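Participant:
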Amino acid sequence: MCELFDVNANKGVSVNFTWRGFVRKGELNPHGWGISWYLTAVNGKRAASLIKQPIPAYESMIALTLPRLNIRSQIIISHVRFATSEINYLDTHPFVRRIKSIGQYDEWIFAHNGVLNGVKELPKRFKPLGTTDSEAAFCYIMENLEGIGTMRALH
110 MCELFDVNAN
120 KGVSVNFTWR
130 GFVRKGELNP
140 HGWGISWYLT
150 AVNGKRAASL
160 IKQPIPAYES
170 MIALTLPRLN
180 IRSQIIISHV
190 RFATSEINYL
200 DTHPFVRRIK
210 SIGQYDEWIF
220 AHNGVLNGVK
230 ELPKRFKPLG
240 TTDSEAAFCY
250 IMENLEGIGT
260 MRALH
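Reading the sequence shown from the start, the letters are residues 110 to 264 in the numbering used here.
Below is the structure:
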């Protein structure tokens, strides 16, 4: 089964303290890896950064050298994948989508561990690019979030 490593902190933290151990989890989850985090621009807006590959994390030079980037963020979402569908870039987690009306957090990041049964109705505006049930569920969530207004409306 896939594994997640996520951080949600009140200050920017680095993934360096545990990244090598997470990469080793790719031995049991060899069908891809990915990491996404938020960068904050000078104007205060946040943008999601995304790196992912449909290869084992422990074979990826990018994953192995990622600590050198010293990524720091309040929100970091990473995933090593054991595929239940195709092995390709589009089906590799995390996924990122943009909502213009949400305010500061226009871009949302999503990763999921497990199988979602019964994902039948696809959203109208947000379409999955790949074939995973996880991305279909994310698109459904995004469609329902769109138009809420601001992050404060979610609290």
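The beta carbon of each residue, even a glycine, is placed where N, CA and C say it ideally should be. In this text, all values refer to a predicted model and were calculated from it rather than measured experimentally.
Can you tell me the Cα-Cα spacing of Asp-200 and Leu-238, whole angstroms?
Facilitator: Each residue's alpha carbon lies about 8 Å from the other.
Participant: With DSSP as the reference, identify every bridge partner of Arg-234, one or two as the case may be.
Facilitator: DSSP output for Arg-234 lists no bridge partner at all.
Participant: In angstroms, rounded to a whole number, what distance separates the CA positions of Phe-247 and Arg-155?
Facilitator: Answer to the nearest angstrom: the Cα atoms are 19 Å apart.
Participant: In the region 120-144, which residue ranges form an unbroken beta strand (DSSP E) of at least 3 residues, counting only runs that do not cross its ends?
Facilitator: Listed in chain order, nothing qualifies, since the region 120-144 has no complete beta strand (DSSP E) run of 3 or more residues.
Participant: Spatial neighbours of Arg-234 within its chain, please: CB distance less than 6 Å, with the 5 preceding and 5 following residues excluded, ordered by chain position.
Facilitator: Closer than 6 Å at the Cβ level, and outside the excluded window around Arg-234, lie Glu-252.
Participant: What are the uninterrupted segments assigned as alpha helix (DSSP H) that are 4 or more residues long and contained completely in the region 136-223, given in chain order?
Facilitator: The qualifying runs are 170-174.
Participant: For Glu-255, which residues does DSSP report across the bridge?
Facilitator: Glu-255 pairs with nothing; no bridge assigned.
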